[in-house]
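**Student:**
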Amino acid sequence: GQQVMQIPQYQHVQEGEDFTTYCNSSTTLSNIQWYKQRPGGHPVFLIQLVKSGEVKKQKRLTFQFGEAKKNSSLHITATQTTDVGTYFCAHNFGNEKLTFGTGTRLTIIP
Amino acid sequence: DGGITQSPKYLFRKEGQNVTLSCEQNLNHDAMYWYRQDPGQGLRLIYYSQIVNDFQKGDIAEGYSVSREKKESFPLTVTSAQKNPTAFYLCASSINRAGYTFGSGTRLTVV
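Here it is, written out as structure tokens:
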């Protein structure tokens, strides 16, 4: 089936360092969504990207959608302990149901 | 405040029992979804419903059943046919393919 690969699976960073997670697809995506799940919590919607080459920012978070709409990235500048969690990308291939990537688990070393 | 309420938060099931997980939303969303999450894993779609009285199987529907008699409610039954039901179950809703709103989840354990 259609899948989106997310890398890395795990990332450990010192507090204050930057962090990036990537989503890659072999087929063109109509849109990409990003979610954050805190340890023990539920996924929370962060953002949706729709346009080719789109870049959106939310404070220290920068989201990009590739020109070919086959990849996306989430970059966090100067990580803080509140950034701990698993970040998922997700997409719907032209239908209603959302398929999630495997996630990147971010841990922060104080 | 609008949102999704899942209950119970923790559920223990004996071998061979059916159990039903509740999901209620007051967001007036048409679409509702059930996902399963295993430790350290991503989310896999069990069932989804786009309108009342209609639902479709997701990627891992075997051993589960749902109903959608009201717009606000989308209960999930984990049947005895589900061989490995221990997991974290998440209900979500959405409108117009925008971002999903998730409930706080139910942790099901087979004892």
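Here the protein sequences line up with chains A and B, keeping their order. Under my numbering, think of the first position of the first sequence as 1, with each following residue one higher. Under my numbering, think of the first position of the second sequence as 1001, with each following residue one higher. Each residue gets a CB set at the ideal place from its N, CA and C atoms; glycine is no exception. Here the structure is a predicted model, which means the values were calculated and not measured.
Assuming glutamate 1024 (chain B) and serine 1073 (chain B) are in contact, meaning their beta carbons sit under 8 Å apart, how far apart are those beta carbons, in whole angstroms?
**Tutor:** Indeed they touch by this definition, with Cβ atoms about 5 Å apart.
**Student:** Measuring straight from C-alpha to C-alpha, what distance separates serine 1022 (chain B) and asparagine 1084 (chain B)?
**Tutor:** Rounded to whole angstroms, serine 1022 (chain B) to asparagine 1084 (chain B) spans 20 Å at the Cα level.
**Student:** Chain B partners of glycine 85 (chain A), CB-CB under 9 Å?
**Tutor:** Per Cβ cutoff of 9 Å: no residues; glycine 85 (chain A) is ~13 Å from chain B at best.
**Student:** Do the segment 61-73 of chain A and the segment 19-39 of chain A meet, that is, are 3 or more Cβ pairs less than 8 Å apart?
**Tutor:** Short answer: they touch.
**Student:** Roughly how many angstroms separate the alpha carbons of tyrosine 1035 (chain B) and threonine 1106 (chain B), rounded to a whole number?
**Tutor:** Each residue's Cα considered, the two are about 11 Å apart.
**Student:** When you compare the CB positions of glycine 1063 (chain B) and threonine 1086 (chain B), do they come within less than 8 Å of one another, or not?
**Tutor:** Not in contact: glycine 1063 (chain B) and threonine 1086 (chain B) (Cβ atoms no closer than 8 Å).
**Student:** For serine 1067 (chain B), which residues of its own chain have a beta-carbon under 7 Å away from its beta-carbon, when the five flanking residues on both sides are left out?
**Tutor:** Counting only Cβ-Cβ distances below 7 Å, and skipping sequence neighbours, we find Pro1075.
**Student:** From glutamine 48 (chain A) to aspartate 18 (chain A), what distance separates their C-alpha atoms?
**Tutor:** Looking at the two C-alpha atoms, the distance is approximately 22 Å.
**Student:** Helix, strand or coil for threonine 1086 (chain B), going by three-state DSSP, please let me know.
**Tutor:** Note: threonine 1086 (chain B) maps to coil in three-state DSSP.
**Student:** What are the boundary residues of the beta strand (DSSP E) that includes glutamine 64 (chain A)?
**Tutor:** 61-65 is the extent of the beta strand (DSSP E) around glutamine 64 (chain A).
**Student:** By how many angstroms is the C-alpha of isoleucine 1004 (chain B) removed from the C-alpha of asparagine 1127 (chain B)?
**Tutor:** As shown, chain B starts at 1001 and ends at 1111. That puts residue 1127 (chain B) outside it, with no answer to give.
**Student:** Assign histidine 1029 (chain B) to one of two classes, buried (16 or more other C-beta atoms within 10 Å of its C-beta) or exposed (fewer than that).
**Tutor:** That one is buried.
**Student:** Quick one: Cα of proline 39 (chain A) to Cα of valine 4 (chain A), how far?
**Tutor:** The straight-line gap from Cα to Cα measures roughly 23 Å.
**Student:** Just by C-beta distance, which residues in the segment 1035-1056 of chain B are closer than 9 Å to chain A?
**Tutor:** Against chain A - using a Cβ distance shorter than 9 Å - the residues of the segment 1035-1056 of chain B are Tyr1035, Gln1037, Gly1040, Gln1041, Gly1042, Leu1043, Arg1044, Leu1045, Tyr1048, Gln1050 and Gln1056.
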